[in-house]
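Here the structure is laid out as structure tokens; the discussion comes afterwards.
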Ligand SMILES: [Cu+2]
């Protein structure tokens, strides 16, 4: 979904410096006030014209880092609560309406919606407006002045699920897991419902969320993650989310590292319709891992209601920005749209000049294009860990997403001079899979070594000692009827780090010995498909699915240069051809 990238990162700047106070359903009045107060911005007729914010460019922080700043965190939580609980759900900028853009609402800003990408910016600006409103309620004095100062530089945080953590730190921070949170409000210290834990649906939302085949979506009173049941009594099991994310964390890190350092084509990086790994595919497994069976994050149209959605998407934007900084010579290429959206038919070709619906650039109704937003800093944000200095950028990528094998050990283990150059060899399980084979999507697990027995519990397979990684294919039924494409998607499970570990354990030859590694993988690699419910599904039930192991030699860069992968070659392909169990 290139639509999830910041090609796209438009800011509803008009709102950023607005001190607007929603009064019941009269948000538009406050909005008009904001427009009048914000230089260079105007709203007329039906459109919210988007412009650049005043106040400068400030970094979005990783959410754990934002938490370290007590004042900023307090304002952020107040802003989240204000947005979710105080803005009339019928208002265009309510949580209910903004989060409905993702897949439920057919229109926003008088335009059929299609390009969800500008979402991050829209979400950030709406959060900031609400944070301002919350601060405006404080009595005049020192605290209000202090908070007002913090507001000037506050930006929305991102949740980096791929970054290395200190030992013992949960991958799903505590503040997503607790139902209550302590904050300082305009009337003193209070314990409130935690706006990062879940969103409470408005009472009139049932008809919008009603699905005769999946009644639970309209029964849940609030958003849930891997819920205890699928009815009104459902509770989130965030401890299970933590455990599941943990089991996939190394995999996510290797994928992000691979994308940032070795994927060089924007189209490939942005969309799973192309060969190689993509942020779309990484994005998908995070959705399915957090939502699980019956949780909102696993459901395409409703996922955005879960508060964690916005921080997940901001991280996709963050990784995309980091990639863009390292690959400044490539950008949006014309590509045919595979899925019909509310705004475009499925054969439309989009390029960098195509309109990003429904986000207006001018009051006359022109839309932003990818070209307009290539330099995201003009919209008032950057990221705390993205540097213009290539040496610092590369160092950050290694520090945050680097190989778990200590570099001295890795050099000893796998570096073999090739034609006088320093080279590594990468191995990837590339999977082509039908998007709509199972309702809601499915997981693919890859093992290297003896696979778990048929009598074992599939929900524990990602704890198996030979589990090498997983990926996910995510879909919703309503997308099924909108494609003109093959319905096949590309995804990967990287194998390099697993093989390096096996090499260190003496199980496999040096990674540069392609023939020996191929022989090892042919003997030891197996793969399984699991449903969203974590049930074992015979590979034969997934028509056309295939797994290829591909490899490329990588010429290592230096302190200021990215490594370069040579041509990938397929070392073997396993197709299923209706044979249950494939090649296990
Ligand atoms: Cu998403």
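Numbering (the numbering used here), first residue to last: 754 to 1337.
No residue lacks a Cβ here, since even glycine has one placed at the ideal position from N, Cα and C.
All values reported here derive from a predicted model rather than from experimental measurement.
Less than 9 angstroms separating the beta-carbons of residue i and residue j?
i	j	result
residue 1179	residue 1249	yes
residue 887	residue 939	yes
residue 1195	residue 1283	yes
residue 985	residue 972	yes
residue 1225	residue 1199	no
residue 1290	residue 1324	no
residue 820	residue 926	yes
residue 1181	residue 1197	no
residue 1003	residue 914	no
residue 1001	residue 1042	yes
residue 1211	residue 1218	no
residue 978	residue 1049	yes
residue 923	residue 995	yes
residue 1227	residue 993	no
residue 1209	residue 1215	no
residue 1079	residue 983	no
residue 810	residue 1313	no
residue 1256	residue 1262	yes
Identify, in the order they occur along the chain, each residue of the same chain with its Cβ nearer than 7 angstroms to the Cβ of residue i, setting aside the five sequence neighbours on each side.
i	result
residue 1064	816, 910, 911 and 912
residue 1016	1022, 1029 and 1030
residue 1316	1014, 1015, 1307, 1308, 1309 and 1310
residue 1277	1201 and 1202
residue 952	837, 848, 975, 976, 1058, 1059 and 1060
residue 1335	Here the model assigns residue 1335 a pLDDT of 41, short of 50, so the residue's position is not dependable and the matter cannot be decided.
State the Cα-Cα distance for the pair residue i and residue j, rounded to the nearest angstrom.
i	j	result
residue 852	residue 1285	23 angstroms
residue 826	residue 875	20 angstroms
residue 1133	residue 1140	16 angstroms
residue 1177	residue 1273	18 angstroms
residue 947	residue 881	18 angstroms
residue 843	residue 1018	41 angstroms
residue 1192	residue 1294	13 angstroms
residue 813	residue 1186	35 angstroms
residue 942	residue 1243	50 angstroms
residue 1271	residue 1020	29 angstroms
residue 1147	residue 1156	13 angstroms
residue 1279	residue 824	50 angstroms
residue 997	residue 1264	29 angstroms
residue 970	residue 1037	20 angstroms
residue 1320	residue 1010	19 angstroms
residue 934	residue 1287	32 angstroms
residue 833	residue 884	7 angstroms
residue 1318	residue 929	38 angstroms
residue 830	residue 1207	47 angstroms
residue 966	residue 1044	18 angstroms
residue 1081	residue 1143	11 angstroms
residue 968	residue 1055	13 angstroms
residue 954	residue 835	14 angstroms
residue 1128	residue 963	40 angstroms
residue 945	residue 841	19 angstroms
residue 1260	residue 959	56 angstroms
residue 1062	residue 1070	12 angstroms
residue 1149	residue 1298	36 angstroms
residue 1074	residue 1130	10 angstroms
residue 1275	residue 1269	10 angstroms
residue 1300	residue 1245	9 angstroms
residue 845	residue 932	27 angstroms
residue 1241	residue 917	32 angstroms
residue 1339	residue 999	Residue 1339 lies beyond the range of the chain shown here (754 to 1337); nothing can be said about it.
residue 1188	residue 1251	27 angstroms
residue 919	residue 818	13 angstroms
Spell out whether any CB of chain D is found under 9 angstroms from the CB atom of residue i.
i	result
residue 940	Of the protein chains in the structure, only one exists, and it is not chain D.
What residues in its chain sit with their C-beta under 8 angstroms from that of residue i, if we drop five residues either side in the sequence?
i	result
residue 1012	1022, 1030, 1031, 1032, 1035, 1072 and 1076
residue 891	897, 900 and 939
residue 1322	1303, 1304 and 1305
residue 828	884, 887, 888, 900, 903, 904 and 907
My guess is that residue i and residue j are in contact by the Cβ rule of under 8 angstroms, so how many angstroms apart are they, rounded?
i	j	result
residue 907	residue 1060	Between residue 1060 and residue 907 the Cβ distance is about 17 angstroms, and since that is not below 8 angstroms, they are no contact.
residue 1008	residue 1247	6 angstroms
residue 1137	residue 1153	11 angstroms between Cβ atoms; not a contact.
residue 1040	residue 1025	At roughly 13 angstroms, the Cβ-Cβ gap does not stay under 8 angstroms, so residue 1040 and residue 1025 are not in contact.
residue 1067	residue 1213	Not really, about 32 angstroms apart at Cβ, beyond 8 angstroms.
Return the chain-ordered list of same chain residues with a C-beta closer than 6 angstroms to the C-beta of residue i, the five sequence neighbours on each side being excluded.
i	result
residue 894	none
residue 1281	1198
residue 937	827
residue 1151	none
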